[in-house]
Every structure is written in structure tokens, then in C-alpha cells.
Amino acid sequence: MIPRKTIGIVDYGVGNHASVWRALHGLGYRCRVSAEPAVLDDTDLLVLPGVGAFGAAMEALHRHDLVEYLRGQSSSGKPFIGLCLGMQLLADVSLEHGLTAGLGLIPGQVVPFDQARWHIGWNSIEVVGNDPIFRPSDGKSMYFNHSYVFQAAPEYQACLARLDSAFPVGVRRGNLVGLQFHPEKSQGAGHMMLKNVVEGLCA
Amino acid sequence: MIQKRLIGVVTVRDGWAVQSFGYGRYLPLGRPEILVENLDRWGADEILLQVIDATRQGRGPDMALLEQIGKRGLSTPLIYAGGVRSAADAVAIVAAAADRVVVDALIRDNASEVIKAGEQLGNQAMIGSLPLSIEHGAVRWFDYRTRTSEPMSEELLELLEAGVLSEALVIDWKHEGQPGGFDHALLDALPKGVPVIAFGGLSSAPQLVQALKMPHVVAVAVGNFLSYREHAIQAFKAELLGVPLRPAAYQQTLHA
Amino acid sequence: MKYCTRCLQPDTRPNTKFTPEGICPACDYFERLQDVDWQERYEILEDLLATFPRRPSQYFDCIIGVSGGKDSMRQALWVRDKLGLRPLLACLSYPPEQVTERGVDNLSTLIEHGFDVVVAAPAPQTWRKLMRASFDRFTNWARSTELALFSSVPQLAIRYNIPLILWGENPGLQLGDLKTLGRTGYDGNNLRYMNTLSGGGLDWMLESAELKTMIPYQYPSPEDFERHGLQIVYLGWFLGDWSLTNNGLYSTANGLRTREDMVENTGDLRGVTSLDEDWVTLNQMIKYYKFGFGRVTDYCNEEIRHGNLSRDAGIELVTEYDDSCSPDYIAAFSEYIGIRVDDFWRQVHASVNRELFNIRPNGRIERKYQVGVGL
Amino acid sequence: MQACKRCLYTTYHALGLTLDEEGICSGCRIHEEKDRLDFNARWLKLLDIVAPYRAKSGTTYDCIVPVSGAHDSHWIVHIVKERLGLNPLLVTYNKYFNTPLGIRNLANLRIKFDCDILIQNVNPQSVRRITRTTLRQFGSIYWPCLAGQTVFPVQTAVRYQVPLIIWGAHQGLEQVGMFSHEHEVEMTRRYRKDHDLMGHEADDLLSTFDTLKEEHVWQYRYPDDMELSSVGVRGIYLGNYVRWDPKVQHEKMVATHGYKGARFARTFDTYDYVDCFNYMDLHDHLKMVKHGYSKVTDHACREIRHGRLTRDEGLALVRAHEEAPLQHLGKFLEWLGIDESGLRYIAGEHRNARVWAEVKPGRWMRCATPEAPEMDAAAVERRLDFLADSELDYTGVGSYITIGKGYPL
């Protein structure tokens, strides 16, 4: 029996980790929801959820003294997934409500969405290249609910979506992945992608 | 390409899911969390859970119900409405289980809290509930607490135009529960560019298509008319031709 | 008419041929059984079962046709408790007027042993109408009912998506019906050509009832078998002690209730055959008048082969009881299919094999041959 | 808690109940449709609905009809076969608590209407294991019966590729006006889980703390959506198209098709549940424990709405029957292998606190309930004249029947 993987969901008081927990648990993973490095260390992969304003989220991470910890974990190669706002937090800086520094784990800025006020609802994603952890989800519809976009450096862009023109909705740099949509709320397609990404990063 | 959305509505009164007719008559349906779970299985694009007696009885949001639904592991985006009294309420609702929040009375009582909630959660999470009717050619905004109608206030229009509220849930409350009752004229009642969700008396595919064909109508919501047959969501989706919509999906459970 | 030199089987059974030495196929087969390595056959069965793994969300390993009688109880318990499989038991049940209390009790006992059982029961009035038509046409009321009986298991196997069908005895080997011999001793897919089934399907029944009222009687086609990968396997080939008496012993030790009526009325020597229905006695008597052997002969043959009965003692039993059938059963049957008792006898007399029997003016039917000797 | 002014239901009804401004409940309001709608037109609507399902090939059935030895089955098959002219496959789930009269009525049904029938018998060991879990978890001894009766027809529809299932009346509509007749509500998995199964589908019974396993419960799983949609399975309710009046319907079936009723201690209705030793006995007692009302209240409300009882007469009949002692408890205790004291302990854990006050540990008293009006309940019952020409255990077998003969009738 291959040992079960354990996933650490970073709890910094922002966003809804209950749905993330449920989705991952449903896929057969053990989950720890915590802000304690000691607990998060003892996991195979970290998930950084997040909903709402960039600035408020970074403040919360600082308050929980997690900024340096997360930077250290990711740069040491530990599998790491940022979901929705959690993807944007990977950026250098965000222009939402003035300038706020992010975790700086993937080069690029978070800027207001230029094609519309918001990107709300189901939209199909286009996978860049044929990274096996993303390829099976090419063309699948995922659920989006954001108004800022992480314009990551092109070499790290993994998935795109489109209104009029394409914009990044998924990034990957080594064992660090960011997804702008909510896989835990994208029904079958979302759960499949979540499984592929976790298995791919932990392989 | 962004798809339009078919939203399944679960209306809750006295803790029980009900069918609602014209904001006044109700028939019992069952346990809210089981109706929500069913819509999740059917593949609704979003689920709107509206607790219609929370504000009137002075209770805040139904956190117990939200926690219960959160525990069941929903894989469909959830919108909550009912009893939102503050930004703090809105944040708690999202932390419990919801992805987006609908405000109605709060717009009238304390618009600044609506703005604050938008700042904390992101305005894309905020939806304005607009029960409207047309009285002698003029659009009236209904206040279900006083059961009176008045023109839409400047403050409301400002919240919509400034994008504090990302979408407007336009409810034809008079025709709610009436087959084919929805008055499409209501969909032109709002300032240009405000995305609209149509709800109230939408029972047939042609009605839904007519609404969804309008560029600013981003979603249609159906409540009572989803409770009369199996796979109601998939059945509607199969008939919504010429509209960009996620196709109907039938769950297949492969047991060990 | 010639008798088998070993047992009391006359050469009048359809589809059968005696060996040059005058031995019936069943005795010949029984003889060859003596040096069979039953452990090897058991391993053959295990290998065969391994080729039928359970598919995802399939919870039954196989399907077994049962009536609740001695064969089915033995098979079901052996398949579950020895082979470790989970079988779905399929029972084609007689209508309320015809099934016996003892039959429903035995089926209940089988269920209470912890088996999943699906009972298919055809429409009672149509059933009766077809029994009447079958009796009128063949002087054998069971032609239609047997078609339903044999069709029920493959029909359910297809609908419940269970390809492996476990059957009792191989009629080709045990009874000498050569037409049903398959590629191996245990391949049962030629069961459709068995004597009782090969009566041209249900064409003759269409004169009595519409096709749509006879769905339970429609035996799946070879194409259906192919499409669903059905495979009938005879357990009899693997069970060396398979016999009427032994199966009776296995089942009564597990709660089977037997027939209490005496052999003079039933022709059922030990009271363990077709317990769920009493009018089979008539058919066995009529079989005797057509072919010169009835239920007592079948029983004695097995006992003679197993060395529990001498041929001479068998002759006495056959002579005495082979045509036993109480007038009460005949009266009840006649009333059920809507004829008078003397209509019944007129029909039977018309089918008596005049080479073997004389019919006295008073209606008595007497053998022209001597049991065990022949003509 | 509020009570309806016209019938005896309160807002504590297990299926939910709403009252309008005049204090009349949703069940009574929807019942008014029975005297307002044009049921001739609705019959024509039914004909249109079933028309495409009439099989021409002669090799398959037109529809699946769930039946039992009681509960409107004779009337349903009469409508389906004799008035709609359809060729049904009857299906029934064996609940094992069968009475001789139930076995007889089912035999009568099969003979009189000349129908093929499919009877599912889940292995009793699994059924007992499930019953222990559902009794422990939510005080129900009937979950396997309800789960089996509501899913076996659907599974059969998928297995036999016969898409149309025809049920009698919709319980939610009849009791609490959950739907209007004009909604023409159809069978849904949601309703089954929510109400028939008290919120627990088969897989919900499994937990790491209990010994119940998937192999025990799989047979009660609803077919998945893909199977249902590929076959086009659809369940309709006759009660939406035929004016449903169980008493009158049963009386017709007694007169023309030999149905037989029997007397009960805990209700005045002699037709609905004659096929089960438990439904009107221990199960009915547990319903009182969990919800504060029992089957006789359902029967009284039905008769009040049909105008055959005044509200006071209904209340008098309810009070006369609802506390009647149990007559068949011993059979169940023996069947499940539990002790009466144990059962009382379990029931105690599922007392509805809104209805029962634990005055002293282990002693419960029912909260305030309207007194029975001064009235001769027996006289009212005589006027109603529910026929009872047999008894549950007319053969005197004294125990549950697993499979029975049921003949002579």
C-alpha cells in the first residue's frame, strides 16, 4: 500500500479552507489545517488558499509570521500550490489598493484585469506546453471569481484563459504551482486537476 | 470563452427548504442541505442558498446551516443570501462555505458596510438583490420588510455603477413561482454595463434563452421549477441552445 | 425396446444412444467417472472461475438458477461456502395456485441461509393457459413452463450483468442427452439444444397468447449470449457425488423439508424430487406411458449405479411404482387447466406408446414388456 | 409549533408544513385542488405521457409498477393495466415482515391482473445488520424496507431498460401539499433521500466506527445519473392525474378484485398496511416517539380533508387509537435478536425533545396536546365503515413469512 500523502493547508484566517479540505480529503489525502510551521513541516505538500484583497492577505501572513516560512519552504523545493488569491500572493508585488509586496516566489505583478471588471463564472482553460500535470485538463471549464490577474513572467505561465485575449490563470515554477480558479469548486474537472497536480508535484 | 450560468436556488424559511410563490405563499420541500447536495450532483453552475426570513426575524446569517453545508464538501460555487447585517457577517459567510454573498436589506440600512465587505472579500464576491416590478411603466424596487415599492435609490445605483456590487440579482418577485411569469422588461431596468442574474418565474427553456441572449445577462436562476423532476438542471441545459453554457453532465460513480 | 444391461434405462429416451455393449450413456459415463481425479477437476474449476473476475461495481460473482429444492440448496451452499463466491440466486417460481407450501418454505429456508435471491414469477393466468395448450398438444403440461424455467436464468444473467451461470447437472452426461454435449464436460452453452428446450421455442405458444404476454418464456438468442459473454458451467462435472440421493442428504441436513405423501401417490420414492410442485407426478406417469420409464426408474438407475440397489430390487420397485399417481393430483390438475378427468385420460391414452402398452377397455394401461427385460 | 385549523397536522410534521394567513396548512390547500381541477382533462394528459412508452416489439414491458400486498397496489395495477391498457412488469422488495394477509393479497393481485412479477430478496443477514445500524443511528427499523421499495423499481428500470415507472400518489403532496397536482412532480433521488430515507442514503450508513460494510448496503444504492439518463428512467405519480381517494379506491378493489382488509389497534384504516406486522405496530410507535404523532393522525387528516370526518371526530379517533399497545413486538425482537429493554433504551435515545419531556430519567411525558373531545369514537368509526373481512394472521402462522403461497385466496 503506497503511503497516504499529507497536505498542509495554510490557515491564516483568509478564505474558505473547509471546501479545500473537503476536496482534498475526498481525493484520499490526509489534511492538516494550521498556521504552525511545526505542523506544516510534517506534510508532503502545502496549499495556500485565499479570497479577497491582496493587501489584507499579506498582512494576515505577516501577522501569523508565515511570510519567511512560506518563502523558505517553497524555495527549498517543497511542493506548494497557491489557489486563487493564494496564486496572486506568489507574485513580487500587487497593484491592488496601492503597491503591496507579495511572497516574490514567481516573478511578475498582480494587476487589475484589463478586459473586464471581473472574471466571474466558468471559463475553459488552455494549457501551455504539455506539462503532464496540466495537459489532461486542457479545454476543461473551471470556476473563476477574481478581478486581478497575476501577469507572471511568460516562462512560468502554465495555463491561460480568454475573454477577448489570453491571460495567465495558472503558473508553475519547479514544485510551486499557482491556480487562479477554484479547483475545489470546479466539480469533476476541478477535482481531476487537483489530483493530477498533487500527484505530479509529490511524485 | 466565459460561459453563462444556470443557477439553482434553494429558498429557506423556518429552517426548511420551500417553494416560494410571489414572496408570500410557500410549500414545504425538505432539508436545505439535501437540496443543495442534489444541485451539486446535478452540476448546477452555481447554487444560491437564500434564507428569506433571517432579516425579518432579526437573526443574522444562518451560520449553522452554512457550516453544515460546508461539512458536506460541495464542489459547486455557493452564493448565500439572507440576514447579512455587516461586512463581518459577509466575511464569516465566506469563511464557512460560501464563495459569494448577496445583500438586500443591508443596501438600504448601511451601504458603507456593503463597500467594506467588497474591500475585504473582493467586489466580485458581492451581489445586490433587486426585487423589482413595473408599476404603470415605471420600475419599482420592492422592500419585502415593509412590503412597499419605491424607485431605485441613488445609493443603490451608485453601488452598481461603481462596481461595489459585481452583479445584480434582478428578481421578478411578483411572478416568482408562476410558470412563464418572468417579465424580461425588468432586465433593461439597470444602468448599462451592470451584469444581471435573472430570477423569478423562469420556468421554460425559451424564457431562459431569451434572457441569456442579452449580453449583460450573465446568468439565470431557477428555484421552484427545478424541483419537479429528476436531472432538472441537465434537462434545462440540454434545451438552452445557442447559449454558451457548460454542457449537461451526468455523474458516474465507479465503486471499488 | 432394449434395457441397459447395467441399470433399468430403456433405449427410448430422446437424443440418447447405447454403447455397442448395450450400456446406456449414463452408466457408460458413470463408469468413466470412477477414475476421475476430483481434486484436479476442482483446480480446473478454480482456474475457470479466475477468468471471471468481478468488474468494478459488480458485486455478484455468478448466478445460479434455484427452485429451493435439493439441488439448488446444495449448489448455493457449496458455491458460497466452499468456492467463496457470492452468487445471485435466480428462482422462476410457480404461480400461487400451483406452488406448494413445502416449496415456498424451502425457498424461505434458502433465503434465511443468507442468500440474495431474485424471484421471477410469470403471470398466473397466461401460465395456466399455456399449460393447457402444452398438455393438449404434447400431453406434457411442462413444455411451456420449462421454457420459462430455462429462460429465466440467462435473462436475469443478462439484466443483472452477471456472465457466469452455474448450472446443476449436465443433461448430456448425467441423462445421456448427447445434443447438449459442449466443448468440455462443463461447458453448458449448448443447453439450449436440450430435449425439452428444442421444442421449437415458443412458436406453438403464439396460438394461445400474444408475444408481449410471454416475455418470461423468451430464451435469449445465441447472439445475446455472445454479446453479454454468458458462460454456463455445469457444477455436476466437478461434484463427484452429485446424485438425487446425495443432494437430498446435503440439503435436508441444511433444513430442506421433504414430501410426506407416500410413493403410491407420487412415484417419488424418497420424497425429495420437485418439492415445490406436485403435478410433476402426472408428467412422470405420462413419460412412463410414452417411453416406458418414469421417476422411479430414474431414481433406481442412480441407486443401481452407486451400488445401493440391486438391479432386481430396482425391477420390483419400477414394476410396482413407476406409474404411481394419485387421482387427487389428476383431479386437481384437471380442474386447474379446466378439463374433466376423463378428458385427461382420453388425452393420455392417445399418447400411450402402443408398442409398449395395452389399454384395457376399463382404461387400465398394462405393460406389454417386462421391466428389465424389454420387448 | 402551530396547528392547522382544518386538519390535525402541526408545523412539526416530518415532511415540513406551512400555514397561510388563515391558519390553513399547505396540505389542506393542495387537497382543495382535488375538488377544483378537471380530472378528465388530467386523464387525457396522462394518456399522452404514457403513449410513447407502449412497447411494440413484444419482447419488453411498457412500464415498471412497484407493488406490495397492500397500500393502493391493486388500484394502481387496475389503472395501469385495465384503464391505461399498459403491459407492466410488477416489482416488489421483500421486507420480510410479511403477514399471511399481505402474502394473500399479493397473490390475488398477480392472479386477478395476470401480471409478471419480480421479487427481490436481499440476504437477511445484511438486512439485519443494516436494521441494527439504522435503529441505533436514527431510531428506524424500517429503513431497509423504505430504501428497498423505493430503489428496486429504479434498478429494475435500468436493468430491464424499461424507462417508465408508475407510482401511486406522491406522499409529500398527499400529506403536506408539498406540490400542486399541476406541478406534475416526478420521482427524484433527492425526495427519496430527504424524506423516504430520513436523509440517509446507503453509503451514508457506512462509517469507520460501525461494522456495516459496503457489501451489506450496495443493493440499496440509487443507480447513478449516467445509468438513469442513458435509459431515460422516469417515475410518474398517478395521483397527479387521477383524483386520489384511498378509502374509496380500496372499497372498489374489495368489491371488484377481491382485495381484503383487516382491523388494526392503532388506526381505524383497515386497508393501507395489512401486509406488514410492523408498520402499524412497532414502526408506528417509533414514529410517535420521534415525531409526536402516528399513522392514525395521517389517516384522520386524510378523512377530514375528504369531508368524511370533522376535525373533532378526527381528533377523537386519533386519541382512541394512538396509544393502543403493541401486538407484534415479540416477533421483531426475535427476528433481530434484541431484548425489549434494549429496544426501550434505543427508543429513549430518539425521543423528540420538542414533543416528549423527560420528567424523570427514563420516564417521558408528552407535552401539552389537545384533549379528545367528548364523543363516541366507536360510533364515528362505524359510520366510516372501513371493511375488514380478514385478519393480518388469518392462517395463524404466528410469525413473519419470508416467501408464502398465498393461495387459496
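Chains as they are written, first to last, in my numbering: chain A, 1 to 203; chain B, 1 to 256; chain C, 1 to 375; chain D, 1 to 409.
We treat Cβ as the ideally placed atom computed from N, Cα and C, and that holds for glycine.
Counting along the chain, the unbroken alpha helix (DSSP H) around C301/D starts and ends at K295 to R305. If you check each beta-carbon in the stretch 100 to 126 of chain C against every beta-carbon of chain D, the ones closer than 7 Å belong to E101, V104, L107, S108, I111, E112, G114, F115, D116, V117, V118, V119, A120, A121, P122, A123, P124, Q125 and T126.
Taking a beta-carbon distance threshold of 8 Å, K195/A does not count as an interface residue toward chain B. Distances from the alpha-carbon of V217/B to those of L208/B, S227/B, L27/B and G223/B put L208/B closest. The beta carbon of F179/D sits closer than 8 Å to some beta carbon of chain B. Bounds of any alpha helix (DSSP H) do not take in R100/B; it lies within the beta strand (DSSP E) bounded by R100 to V103.
Bounds of the beta strand (DSSP E) holding E150/B are T148 to E150.
Take the alpha-carbon of N190/C and the one of P220/C: they are about 12 Å apart. Per DSSP, E366/C is one residue of the beta strand (DSSP E) stretching across I365 to R367. Rounded to the nearest angstrom, the gap between the Cα atoms of D275/D and R263/D is 12 Å. When secondary structure is reduced to three states using DSSP, S137/A falls in the helix class. With respect to G185/C, W237/C sits close: the two C-beta atoms are nearer than 8 Å.
Closer than 7 Å at the C-beta level to chain A, one finds these residues of the stretch 45 to 59 of chain B: D45. Pairing I359/C with V341/C gives a Cβ-Cβ distance that is not under 8 Å. Around the Cβ of T211/D, a 10 Å sphere holds fewer than 16 other Cβ atoms; the residue is exposed.
Taking the beta carbon of E186/D as reference, the chain B residues within 7 Å of it are Y228, R229 and E230, listed in sequence order. Taking a C-beta cut-off of 7 Å against chain A, the contacting residues of the stretch 191 to 218 of chain B are V218, listed in chain order.
If only complete runs of 4 or more residues are kept, the stretch 196 to 281 of chain C shows the alpha helix (DSSP H) at 222 to 228, 244 to 252 and 263 to 266, in order along the chain.
Scanning its chain for C-beta atoms nearer than 6 Å, with the 5 sequence neighbours on each side dropped, one finds around E302/C the residues S243 and L244, in chain order.
For F138/D, the enclosing alpha helix (DSSP H) stretches over residues P124 to F138. Residues of the stretch 40 to 54 of chain A that bring their beta carbon within less than 9 Å of a beta carbon in chain B comprise V51, G52 and A53, in sequence order. Rounded to the nearest whole angstrom, the C-alpha separation of W143/D and H328/D is 19 Å. With respect to the 8 Å criterion, T76/B and E46/B are classified as neighbours on the basis of their beta carbons. When C-alpha distances from R227/C are compared across T258/C, T273/C, Q155/C and V263/C, the shortest belongs to Q155/C. Counting the other Cβ atoms within 10 Å of the Cβ of M187/D gives 16 or more, which makes it buried. Within chain D, not a single residue places a beta-carbon under 8 Å from that of Q178/B; the smallest gap is close to 12 Å. The contact set of Q218/C on chain D, defined by CB atoms closer than 8 Å, consists of T59 in chain order. In the three-state DSSP reduction, Y336/C falls in the helix class (H, G or I). Against chain A, a Cβ distance below 9 Å from A97/B picks out N16, A18 and S19. By a beta-carbon distance limit of 8 Å, L269/C contacts Y299/C. Their separation comes to about 5 Å. The beta-carbon of G16/D is placed less than 8 Å from the nearest beta-carbon of chain B.
Contacts with chain C at 8 Å (Cβ-Cβ) include G404/D. By a beta-carbon distance limit of 8 Å, I7/B does not contact I134/B. Their separation comes to about 23 Å. Considering only beta carbons, the part of the stretch 47 to 67 of chain C lying closer than 9 Å to chain D consists of S57 and Y59, in chain order.
Each of L230/C, L375/C, R354/C and R346/C was checked against the Cα of N362/C, and the nearest Cα belongs to R346/C.
Sequence-distant partners of I63/C (beyond 5 residues in either direction) whose C-beta falls short of 8 Å from its own C-beta, in its chain, are P87, L88, L89, A90, V153, L156, A157, Y160, I162, L164, I165 and L166.
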